[in-house]
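Numbering (my numbering), first residue to last: 6 to 655.
Beta carbons: idealized from backbone N, C-alpha and C, even for Gly.
All values reported here derive from a predicted model rather than from experimental measurement.
Below you'll find the structure, written out as structure tokens, and then a few comments.
Below you can see the structure in the form of structure tokens.
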């Protein structure tokens, strides 16, 4: 049976929904890529225009394009944004309005996960945030009287009729509808918005033609949201090298998103295909041999011959790179293979069939979306997109199978800060401000403790810059934590790995100090002693005092000279000219945040100097080559100074 209504006009579809459901819309929409921005915007406009109506939206990760500030930021970013996202890209307007505190009073938006830092200054977003584990969202939605579910889908004509794929977001839809039915709740109106570029994935992501009540196939639809590829710096590469030694051949891998995860993936590729230089790099940044010892005990130093199995709530580009390079290849049993093996009394890794990657949602570059499409066509069993409850936890009817799939599991997630006792700060600040959300991090940390040989590794930079001042990300204590200290496991910084599992508080303090930036060792050590967590006679080993950026640069210089640590390890969406501008503009931004930086910048502007290679092209790209206004001449001079500052010295 096909949907009862099929539309090609978004506004007409929105009007139809509004008339059918009445003045109070209580809707759910998937996180990330699966949100149909066009339909959501049409419903939002209807609600804004009529104060007798109301709209309550439950969702997460509302993706919007960056909005650059006037001046140099706009000159650099706007041409890139127009090129990368397309001029006809469409942001969810409620998210844009929420970020500038402009949501109308008859609209409420509840997100359980936000774009990192995007809504720190949005009063409504902070007040309406719902703090939840990813696996609890479906349960909690049941009591919210949801009457509308909207989702971006892929569509396929088959001899048996129309089929739909939840594609990028089978994560919560299936769990929510099942739980609502079990609770005796009315089924919400389910609306499928078809996107022609969304990969059609079969298996658990595929649903029958009667799953949706309404189908919308817009005549024109905005392109899929694609993330730009990120640069990776030397500290992140060091962190990735340490983390890659913890991965066990034949094991299971979960990774998040961002530069730290890219560094880990790249380091795994080095370990696989350039093992000699990978080992040299690891030895160079691990003079104490601590990471080497952990690798011998729980990870590995050899290439990954048996390969890895991926089980990650988010499928991102890293898994694509690992599969292409022959690392992501260990297959999990499918149901038929499991039954066949169980009937003989043997569960064997050589059982036929199965997939090598299981995920709950995907988000990444256009290259990732194309890879998913091609992989489905060539090997339909390879990727299993499924419910988040089947990925982020071990409980339920899939418990035995999940344990077998995830042998040797290494769950890598990022955090913002960590305490000396092993608690982690990943999603919020101690004043209650929400940066992002818990998501599935707690799920994976807890799962690592449940699996016989599972380990959780939280990745973080040892320091960060705040208004031009360097601060430590390792604290004695902090007023808010995402992961409690009793779930402490592995922490990784650019200076090494701290294994905290089963350790005393004083042992944890010492292990965390060993991977801390040396500039903060004395203060942290004194605070620990003052609070009775370190013995009074404890002395900081001299080797810890070499945990400094300059020592790290020296250690990694041989790999850098060989071209093994590229700024963009997986290619760049920026042109060559833009890549030259990036470090210059980054330095300019950093210099302008402190009095010392501004003084240095002012002195540099007064000095005469020679143009560097590529300077004229960079000024053309920024639209600053001509004379222009006084403001434009000042901007041109700033860019010249920055380009000359970061240019390689002869």
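Requested in this report: State the CB to CB distance for the pair residue 368 and residue 564, rounded to an integer number of angstroms; the pair is presumed to be in contact (CB under 8 Å).
Outcome: Mapped onto the chain shown, residue 368 falls at position 363. Mapped onto the chain shown, residue 564 falls at position 559. About 30 Å separates the beta carbons of residue 368 and residue 564, which is beyond the 8 Å limit, so they are not a contact pair.
Query - CA-to-CA distance, residue 12 to residue 222, given in whole angstroms - result: As a first step, residue 222 must be located in the chain shown, where it is residue number 217. As a first step, residue 12 must be located in the chain shown, where it is residue number 7. Each residue's alpha carbon lies about 6 Å from the other.
**Report entry** Three-state secondary structure (DSSP) of residue 166
**Finding:** Along the chain shown, one-based indexing puts residue 166 at 161. Residue 166: strand per DSSP, three-state reduction.
Requested in this report: Spell out the partners DSSP gives residue 138 in its beta bridges.
Outcome: Sequence index remark: in the chain shown, residue 138 carries index 133 (1-based). Within the DSSP bridge table, the entry for residue 138 names 444 as partners.
Query raised in the report: Who are the Cβ neighbours of residue 349 in its own chain at under 7 Å, not counting the five residues just before and after it?
Result: In the chain shown, the residue the question calls residue 349 occupies position 344. Below a pLDDT of 50, predicted positions are generally treated as unreliable, and residue 349, at 44, falls in that range; no measurement from the model is reported.
Query raised in the report: residue 390 lies in the beta strand (DSSP E); which residues open and close that run?
Result: On the chain shown, residue 390 is found 385 positions in, with the first residue counted as 1. For residue 390, the enclosing beta strand (DSSP E) has its first and last residue at 388-390.
Query raised in the report: Would you call the CB atoms of residue 104 and residue 497 closer than 8 Å?
Result: Taking the chain shown and counting its residues from 1, one reaches residue 104 at position 99. Taking the chain shown and counting its residues from 1, one reaches residue 497 at position 492. Not in contact: residue 104 and residue 497 (Cβ atoms no closer than 8 Å).
Report task. Reducing DSSP to helix, strand and coil, say where residue 1 ends up. Result -> What the structure shows of the chain is the stretch from 6 to 655, and residue 1 is not part of that stretch, so it cannot be assessed.
Report task. Using only alpha-carbon positions, find the residue among 89, 571 and 385 that is nearest to residue 70. Result -> By one-based count along the chain shown, residue 70 stands at place 65. Answer by Cα proximity: 89.
Requested in this report: Return helix, strand or coil for residue 10, following the three-state DSSP convention.
Outcome: Translated into positions along the chain shown, residue 10 becomes position 5. Under the three-state reduction of DSSP, residue 10 is assigned to strand.
**Report entry** Beta-carbon proximity check, residue 445 vs residue 453, cutoff 8 Å
**Finding:** Here residue 445 refers to the residue found at position 440 when the chain shown is read from its first residue. Here residue 453 refers to the residue found at position 448 when the chain shown is read from its first residue. Against a cut-off of 8 Å, the Cβ pair of residue 453 and residue 445 comes out as no contact.
Query raised in the report: Three-state secondary structure (DSSP) at residue 313?
Result: In the chain shown, residue 313 corresponds to position 308, counting from 1. The answer is strand: DSSP assigns residue 313 an E or B state.
Report task. Would you check if the distance between the CB atom of residue 68 and the CB atom of residue 120 is smaller than 8 Å? Result -> Translated into the one-based positions of the chain shown, residue 68 becomes position 63. Translated into the one-based positions of the chain shown, residue 120 becomes position 115. With respect to the 8 Å criterion, residue 68 and residue 120 are classified as neighbours on the basis of their beta carbons.
Report task. Provide the residue(s) that pair with residue 60 in DSSP beta bridges, ordered along the chain. Result -> As a first step, residue 60 must be located in the chain shown, where it is residue number 55. Under DSSP, residue 60 takes part in a beta bridge, and its partners are 30 and 112.
Query raised in the report: Using DSSP with H/G/I as helix, E/B as strand and the rest coil, what is residue 470?
Result: Sequence index remark: in the chain shown, residue 470 carries index 465 (1-based). The answer is strand: DSSP assigns residue 470 an E or B state.
Query raised in the report: Do three or more CB pairs link the stretch 413-420 to the stretch 254-268 at distances below 8 Å?
Result: The stretch 413-420 makes contact with the stretch 254-268; the number of CB pairs closer than 8 Å reaches 3 or more.
Query raised in the report: CB residue 438 to CB residue 125, shorter than 8 Å?
Result: Here residue 438 refers to the residue found at position 433 of the chain shown. Here residue 125 refers to the residue found at position 120 of the chain shown. In terms of Cβ geometry, residue 438 and residue 125 form a close pair [threshold 8 Å].
Query raised in the report: Thinking just about the alpha-carbon of each residue, which of 295, 285, 288 and 388 is nearest to the one in residue 335?
Result: Reading the chain shown from its first residue, position 330 is the one you call residue 335. Comparing C-alpha distances from residue 335 to each of 295, 285, 288 and 388 shows the shortest one belongs to 388.
Report task. Mind checking who residue 159 pairs with in its DSSP beta bridge? Result -> Reading the chain shown from its first residue, position 154 is the one you call residue 159. Beta-bridge partners assigned by DSSP to residue 159: 170.
Query raised in the report: How is the beta strand (DSSP E) around residue 615 delimited, first residue to last?
Result: As a first step, residue 615 must be located in the chain shown, where it is residue number 610. Where residue 615 is concerned, there is no enclosing beta strand (DSSP E), given that its DSSP letter is neither H nor E.
Query raised in the report: Counting Cβ pairs, one atom from each stretch, are 3 or more of them under 8 Å apart for the stretch 270-287 and the stretch 539-555?
Result: Output reads no: the stretch 539-555 does not touch the stretch 270-287.
Query - Boundaries of the beta strand (DSSP E) in which residue 364 is found, first to last residue - result: On the chain shown, residue 364 is found 359 positions in, with the first residue counted as 1. Per DSSP, residue 364 belongs to the beta strand (DSSP E) from 362-367.
Query raised in the report: If we count the other Cβ atoms within 10 Å of its Cβ and call it buried at 16 or more, is residue 400 buried or exposed?
Result: Locating residue 400 in the chain shown gives position 395, where the first residue counts as 1. Exposed is the call here.
Query raised in the report: If you draw a straight line from the C-alpha of residue 1 to the C-alpha of residue 33, how long is it?
Result: The displayed coordinates of the chain run from 6 to 655. Any statement about residue 1 would go beyond what the structure contains.
**Report entry** Where residue 312 falls, given that 16 or more other Cβ within 10 Å makes a residue buried
**Finding:** As a working mapping, residue 312 is identified with position 307 in the chain shown. So residue 312 ends up on the buried side.
Report task. Closer than 6 Å by C-beta to residue 525: which residues in its own chain qualify, once you throw out the five before and the five after it? Chain order, please. Result -> The residue given as residue 525 occupies position 520 in the chain shown. Taking residue 525 as the centre and dropping the five residues before and after it, the same chain places the C-beta of 477 closer than 6 Å to its C-beta, in chain order.
Query raised in the report: Quick one: Cα of residue 58 to Cα of residue 216, how far?
Result: In the chain shown, residue 58 corresponds to position 53, counting from 1. In the chain shown, residue 216 corresponds to position 211, counting from 1. Between residue 58 and residue 216, the C-alpha separation is close to 28 Å.
Query - For residue 579, three-class secondary structure by DSSP - result: Start at 1 with the first residue of the chain shown, and residue 579 comes out as number 574. In this structure, residue 579 counts as coil in the three-state DSSP scheme.
Query raised in the report: When the Cβ atoms of the stretch 223-230 are set against those of the stretch 384-398, are three or more pairs found closer than 8 Å?
Result: Output reads no: the stretch 384-398 does not touch the stretch 223-230.
Report task. Could you spell out the range, first to last residue, of the beta strand (DSSP E) harbouring residue 194? Result -> Counting from one through the chain shown, the residue named residue 194 turns up at place 189. Where residue 194 is concerned, the enclosing beta strand (DSSP E) stretches over 194-199.
Report task. Work out the CA separation of residue 165 and residue 239 for me, nearest whole Å. Result -> The count along the chain shown starts at 1 and reaches residue 239 at position 234. The count along the chain shown starts at 1 and reaches residue 165 at position 160. Taking the straight line from one Cα to the other gives about 54 Å.
Query - Backbone secondary structure at residue 544 - three-state DSSP - result: Looking up residue 544 in the chain shown gives position 539. DSSP places residue 544 outside both helix and strand once states are collapsed to three, so it counts as coil.
Query - Beta-carbon proximity check, residue 642 vs residue 586, cutoff 8 Å - result: In the chain shown, the residue the question calls residue 642 occupies position 637. In the chain shown, the residue the question calls residue 586 occupies position 581. A distance of 8 Å or more separates the beta carbons of residue 642 and residue 586.
Query raised in the report: Considering only residues of the stretch 476-552, which uninterrupted alpha helix (DSSP H) runs meet the minimum length of 4 residues and lie entirely inside it, listed in chain order?
Result: Annotation note: the stretch 476-552 contains the following uninterrupted alpha helix (DSSP H) runs of length 4 or greater, listed N- to C-terminal: 510-518 and 526-535.
Query raised in the report: Helix, strand or coil: how does DSSP classify residue 153 here?
Result: Locating residue 153 in the chain shown gives position 148, counting from the first residue. Strand, per DSSP.
Query raised in the report: Among 395, 374 and 370, which residue has its Cα nearest to the Cα of residue 364?
Result: One-based indexing of the chain shown puts residue 364 at position 359. Closest by alpha carbon: 395.
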